[in-house]
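Below is one structure; the comments refer to it alone.
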Amino acid sequence: MAERRSSPDGSLAPARGPSPVPGLAAVLFDLDGTLIDSEPQWRALYRGLADHLGVTLAPGWWSQLVGRSLGESVEVLAGRGPLPREERDELVRWLVDRGVERLRSGRLDDPGQPPVTWRPGARRLLEELHAAGVPTAVVTASPRRLLDAVADHLGLTSTTSVAGDEVTRPKPDPEGYLAAASSLGVDIADCVAVEDSPTGVAAAEASGARVLAVPHTVALADEREHTVTTSLAEVGVEDLAALPGRD
22 MAERRSSPDG SLAPARGPSP VPGLAAVLFD LDGTLIDSEP QWRALYRGLA
72 DHLGVTLAPG WWSQLVGRSL GESVEVLAGR GPLPREERDE LVRWLVDRGV
122 ERLRSGRLDD PGQPPVTWRP GARRLLEELH AAGVPTAVVT ASPRRLLDAV
172 ADHLGLTSTT SVAGDEVTRP KPDPEGYLAA ASSLGVDIAD CVAVEDSPTG
222 VAAAEASGAR VLAVPHTVAL ADEREHTVTT SLAEVGVEDL AALPGRD
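All the letters of the sequence shown, read from the start, carry residue numbers 22 to 268 under this note's numbering.
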């Protein structure tokens with residue numbers, strides 16, 4: 022196994038400079054559901070928003086939100102179609118304020134659990150990529166303020182990232198992945214994107230990256246052109262480098 026690569030404070034220390042691994046210029050990760058398991062916290066936040074709005078959550082509501090931007094998600098929950106921008110932004114701030122407060126304070130429905138946890142194998146894989154000299158980035162639908170709170174909690178503060186409020190077109194548009202590759206100075210075709218949701222996989226595929234899908238709470242369509250694994254615990258640097266390209 023590769024040497025652990027962390028800073029003295031325990032945070033992850035990303036690789037700098039070009040990747041020495043042939044065919045693997047960088048690895049671009051989704052955050053929620055891919056690197057971290059934040060589902061219980063997001064479910065609690067959305068239930069709180071539903072109560073705030075006085076709406077009843079319909080069966081299957083969670084699957085309608087996975088991979089969506091927060092703006093799209095609050096519109097789905099409100100159930101009134103597109104909302105005026107001011108109202109939508111206010112509801113997004115409501116969610117983000119409470120999400121950040123939960124992360125900062127550690128206050129949860131179950132006080133025995135941390136606010137967010139790593140998905141199996143995720144931190145180990147990041148450490149191996151960094152030790153191998155492969156650049157990494159996070160591409161998420163979460164806004165910058167919430168992303169920074171999560172990054173601070175997990176030691177990802179020095180990792181290149183693109184937040185949901187830093188793009189004009191959210192997933193499934195590939196803008197976030199293309200922005201991450203550009204920030205790292207690499208060709209997206211030489212990158213691997215790792216995603217867990219249908220929306221995220223669609224964005225990664227549209228970017229031109231090779232895609233590794235790690236389904237979490239929502240099943241993926243069989244017809245998509247991607248490699249699927251059940252857990253990042255099964256994945257190493259060589260596996261990512263060997264992923265086939267798209268025809």
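Idealized CB from N, CA, C, for every residue including glycine.
The model shown is predicted, which means the values in this text are computed figures rather than measured ones.
Item	Value
Where does T238 fall in DSSP's three states?	coil
Using 10 angstroms around the beta-carbon of S252, count the other beta-carbons present and answer buried if the total reaches 16, otherwise exposed.	exposed
Going by alpha carbons, who is nearest to R140 out of D118, T238, G100?	T238
Nearest by alpha-carbon distance to D118: which of L146, W83, L70, A152 is it?	L70
Taking C-alpha atoms, which residue in D211, D51, R106 lies nearest to L261?	D211
Could you tell me the boundaries of the alpha helix (DSSP H) in which E60 lies?	60-74
Is it buried or exposed, A172, if we count other Cβ atoms within 10 angstroms and call 16 or more buried?	buried
Measure the alpha-carbon distance for A263 versus T138 and round it to whole angstroms.	28 Å
When you compare the region 202-210 with the region 82-90, are there three or more beta-carbon pairs, one atom per stretch, that lie closer than 8 Å?	no
To the nearest angstrom, how far is the alpha carbon of G120 from that of V113?	10 Å
Using the Cα positions of G257 and G54, report the straight-line distance between them to the nearest angstrom.	19 Å
Starting from S273, trace the beta strand (DSSP E) both ways and give me its first and last residue.	Here the chain has residues from 22 to 268 only, and residue 273 is not among them.
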